[in-house]
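Enquirer:
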Amino acid sequence: MSGDEKSENDGQRFDRLPATPSERSVPGRASRAEVLEWWDDRFGIGPETFADVTFWEKGAGKIWVFAGDAPDPNRVEGLGMTFLRTRQEHWKPTTVAVQRFGHLATRNVVDLSRKEAKRFAAGEDQELAWDGDWGYLIATRVVAGQRAPLGVGLFLHGELRSVVPKGTQETLPE
Amino acid sequence: MNPIDRYEPLVDDREAFREACARPLPYAVRVNTIKATADRVTGAFDDEGVSYAPVDWHPELFTLDGKAGRTWPYFLGWVHGQEEVSALPAAVLDPQPGDRVWDACAAPGSKTTQLAALMRDEGTLVGNDNSLGRLSALRHNAERLGVTNLVVTNQDARNFSLRELGFDEFDRAVVDAPCSCEGTCRKNPTVLDEWTLDHVRQVAGIQKGILRRAIQATRPGGSVVYSTCTFAPEENEAVLDHVLGEEPCRLAGFEPPLKTSPGVTEWEGETFDPSVEKAHRVYPHQNDTGGFFCAKLEVTG
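From first to last, the protein sequence lines are chains X and Y. For what it's worth, this note's numbering labels the leading residue of the first sequence as 25, then goes sequentially. For what it's worth, this note's numbering labels the leading residue of the second sequence as 941, then goes sequentially.
What follows is the structure, encoded as C-alpha cells:
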C-alpha cells in the first residue's frame, strides 16, 4: 500500500463513501449525501431510512450498505449488502436492495398485475402503459394482501424490461 | 461398518433410532423475519395452494410437501430452506439487536441469516468460513434475505483475527463445527459409507481449535454455542471436556424447545467432565429430525 491508495478506486477493497462531494478524494466516487439524495429523489425513500447505516464502494461503482460497526475492512470479503450501481449515466439500485427497502417507496413504483408480475419474475420484457418517469422503477405485486417489491424494472419506450438477475429469475404461479 | 451401530448403546429406543435414520427427512423452511412474518408467508402459501405444516417447537419453521424454490415467498426472500434441527443453535444463542456476534463456520449461511434475523439486522454479525468457494453461497443467501449487518470474512477460524473489525471481542459466538455429519444421514445416506474413525479424530482436533478460539474471542460473561450434526462423542462431549480444561468457561444449562437427551459423560473407556451432561443430544426418532448436538458455554474470563 502506498500514499496514493486514496487517490483512485481500488476495486478489491472496501472504502467508505465520503460524506459530501466536497470531501471526495477519489474521482468519480459517489458521496453519502448524493446516495441519500438519489433514493429520496427517485423513490421517495427518505434519508432517515439510512440514518444508522454506512455506505462503501468496492468494485467499480458498486455501493454496499452496512448496518454494523464500521471496521477497517481491507481484507473482508463482504460488508452488508450490495445496494446501488454508480459510475454509470443512470444509477441503478440492486434487486436485493429494492426487495429490502422498496416497500418504503412512494415514487416510481409500478404495480404489476399477477400476470405481469409472473413475466417480470421470469426475466421477460413486456409492453406497459406507464405515464411516469422513464428509467429504473420498482416493480411490485400484491402478495398475501399487501404490496411487495419484486425488483428493478427499466422502463423505456413503452416497455418494462425486467433486470432481475439471471440466477434469481424464476417461473412462478400467477 | 455402519457407524450408526456405535451409538445404539446411547439411545433409549434402538429400533426407533434405526428406523428414523433410514427415513428421508422432511423438507423445511424458516421464515425470514427481516422481511416477513409467519402469517404473511402462510397467507402467500395459501394463495398459491402450497401445502405446509407448522413445526411445533419453532413458530417460524414450516415443513412443505414440495420445495419452496418456485414460490413467491422464496423469490422475495421471505423464506429460506433450512433443516429443522439446524435452527437450534441460533435459537439457543439468542443474540440481541446491537450485539457483536461471531459465526465461526458460517457458510452456506442458514444459521448466519437466522442470527441476523434474531438481531433484527442490528449490531455486527461476522460470518466467517475458511472456504472461499462456500462464502459465495453465504453472500448470496444473506443478500437474498436482505441482511445488512453482516461482515463476511475468509479466515481459518482456529486463529481468527479481529484486526479488520472495529472492536476487540464478541458478545456471543456460534461454532457450528465441521464434523463427520452422521446426523445428516437422512438427507445424504452416503455420509455413512464414507465414514472413518480417522476422519472423526481429525475433525475433533479442528473442532477443539475453533471452539477454543471462539471462547478467547468472546468477552467474559458472553456465550458460545457449540453444535455439530453428528452423534460421535469424540466430536461432541470430548471437545467440550477439552476446552473446559484449556479455556476460562463453563457449561450453561438451557431448556431446549424440542425433545433431547443429555450429553454423555463416558464413552469407550473415557470419562468426561460431568457438566457435559448439560449439553443436548438430538436423535432422529425423538422429533423426526436429523441428528444434532448442541451445547452452550459461558465465558468466565
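For every residue, glycine included, the Cβ atom is placed at its ideal position computed from N, Cα and C.
On a Cα-Cα basis, can you pick out the residue from Y:D953, Y:S1201, Y:R980 that is closest to X:V167?
Expert: Answer by Cα proximity: Y:R980.
Enquirer: Grab the span of the alpha helix (DSSP H) containing X:F67 for me, first residue to last.
Expert: X:F67 -> alpha helix (DSSP H) spans 56 to 67.
Enquirer: Is DSSP giving X:G92 helix, strand or coil here?
Expert: Note: X:G92 maps to coil in three-state DSSP.
Enquirer: For Y:R1079 and chain X, any beta-carbon pair shorter than 8 Å?
Expert: Chain X, which has a Cβ nearer than 8 Å to the Cβ of Y:R1079, makes this yes.
Enquirer: For a contact defined as C-beta to C-beta under 9 Å, what are the partners of Y:F1107 on chain X?
Expert: Simply D93, P95.
Enquirer: Among residues of its own chain, excluding the 5 on either side of X:E32, which ones have a beta-carbon nearer than 8 Å to its beta-carbon?
Expert: Excluding sequence neighbours, X:E32 sits near V50, P51.
Enquirer: Quick one: what does DSSP say Y:N1068 is sitting in, helix, strand or coil?
Expert: Strand, per DSSP.
Enquirer: Name the chain Y residues whose beta carbon is nearer than 9 Å to that of X:Q150?
Expert: Near X:Q150 there are no residues of chain Y at all, since even the closest Cβ is about 17 Å away, more than 9 Å.
Enquirer: Suppose the cutoff is 6 Å on Cβ atoms and the five residues either side in sequence are ignored; what does the same chain contact list for Y:G1038 look like?
Expert: So the list reads E1062, G1063, once near-sequence residues are dropped.
Enquirer: Considering only their Cβ atoms, is the gap separating X:K82 from X:G147 smaller than 8 Å?
Expert: For X:G147 and X:K82, no; Cβs fall outside 8 Å.
Enquirer: With 8 Å as the limit, tell me which residues of the segment 137 to 164 of chain X have their beta carbon closer than that to any beta carbon of chain Y; keep them in chain order.
Expert: So the close ones are A145.
Enquirer: Please state whether DSSP places Y:I1155 in a helix, a strand or coil.
Expert: Y:I1155: helix per DSSP, three-state reduction.
Enquirer: Taking C-beta pairs closer than 8 Å, name the residues in chain Y that X:F67 reaches, listed in chain order.
Expert: The premise fails here: X:F67 is roughly 16 Å from chain Y at the closest Cβ pair, so nothing lies under 8 Å.
Enquirer: Is any beta-carbon of chain Y found at less than 8 Å from that of X:R43?
Expert: The sequence shown places Ala at residue 43 of chain X, rather than the Arg named in the question. Answer no: the Cβ-Cβ gap between X:A43 and chain Y never drops below 8 Å.
Enquirer: Would Y:E1000 count as contacting chain X if we go by Cβ distances under 8 Å?
Expert: No - not a single Cβ of chain X is within 8 Å of the one on Y:E1000.
Enquirer: Short check: CB of Y:K975 to CB of Y:G1149, under 8 Å?
Expert: Taking 8 Å as the Cβ cut-off, Y:K975 and Y:G1149 do not qualify as a contacting pair.
Enquirer: So what does Y:P1202 bridge to, in DSSP terms?
Expert: Y:H1220, per the DSSP bridge assignment.
Enquirer: On the criterion of 16 or more Cβ atoms from any shown chain inside 10 Å, does Y:P949 qualify as buried, or is it exposed?
Expert: Looking at its Cβ environment, which holds fewer than 16 other Cβ atoms inside 10 Å, Y:P949 is exposed.
Enquirer: Name the chain Y residues whose beta carbon is nearer than 7 Å to that of X:A168?
Expert: Residues of chain Y passing the Cβ test: R980, G983, A984, D987.
Enquirer: First and last residue of the alpha helix (DSSP H) that includes Y:C1234?
Expert: Counting along the chain, Y:C1234 falls outside any alpha helix (DSSP H), though it belongs to the beta strand (DSSP E) covering 1232 to 1239.
Enquirer: Determine the contact status of X:L174 and X:A145, defining contact as a CB-CB distance below 8 Å.
Expert: Yes.
Enquirer: Express the C-alpha separation of Y:L1033 and Y:C1189 in angstroms, rounding to a whole number.
Expert: Distance between the alpha carbons of Y:C1189 and Y:L1033: 15 Å.
Enquirer: Hey, out of Y:A1008, Y:S1163, Y:R963, Y:L1028, whose CA is closest to Y:C1169's CA?
Expert: When only C-alpha atoms are compared, the closest one is Y:L1028.
Enquirer: Give the DSSP bridge partners of Y:T1168, in chain order.
Expert: Bridge partners of Y:T1168: Y:F1233.
Enquirer: Using the beta-carbon count (16 or more within 10 Å), is Y:H1020 buried or exposed?
Expert: So Y:H1020 counts as buried.
Enquirer: For Y:E1122, is the classification buried or exposed, using 16 other Cβ atoms within 10 angstroms of its Cβ as the cut-off for buried?
Expert: Its Cβ being crowded by 16 or more others within 10 Å, Y:E1122 is buried.
Enquirer: Put X:E194 into one of helix, strand or coil per three-state DSSP.
Expert: In the structure shown, X:E194 sits in coil (DSSP, three-state: anything other than H, G, I, E or B).
Enquirer: Is the segment 1070 to 1087 of chain Y close to the segment 1102 to 1109 of chain Y, with three or more CB pairs under 8 Å?
Expert: The segment 1070 to 1087 of chain Y is not in contact with the segment 1102 to 1109 of chain Y.
Enquirer: Mind listing the chain Y neighbours of X:E101? Cutoff is C-beta to C-beta under 7 Å, in chain order.
Expert: Ordered by position in chain Y, the residues that pass the 7 Å Cβ test against X:E101 are L1075, V1092, T1093, N1094.
Enquirer: So which residues of chain Y does X:P197 contact, with C-beta pairs closer than 7 Å?
Expert: Ordered by position in chain Y, the residues that pass the 7 Å Cβ test against X:P197 are E988.
Enquirer: Please state if the CB of Y:A1154 and the CB of Y:G1203 are separated by a distance shorter than 8 Å.
Expert: No, they are not a contact pair.
Enquirer: Give the range of the beta strand (DSSP E) segment to which X:S49 is assigned.
Expert: Segment: none, X:S49 is in no beta strand (DSSP E) and carries neither H nor E.
Enquirer: Relative to the C-alpha of X:N132, which residue among X:K142, X:R143, X:E140, X:P117 is closest?
Expert: Minimum Cα distance to X:N132 is reached at X:P117.
Enquirer: Tell me, to the nearest whole angstrom, how far the beta carbon of Y:L965 is from that of Y:E1023; I am working on the premise that it is less than 8 Å.
Expert: Rounded, the Cβ-Cβ distance is 7 Å, consistent with contact.
Enquirer: Give me the chain X residues within the contact set of Y:F1015, using Cβ-Cβ distance strictly less than 8 Å, ordered along the chain.
Expert: The contacting residues are A145, L174, T192, E194, L196.
Enquirer: Quick one: complete beta strand (DSSP E) runs, 3+ long, within the segment 139 to 194 of chain X?
Expert: Fully enclosed beta strand (DSSP E) runs of 3 or longer: 159 to 167, 170 to 180, 183 to 186.
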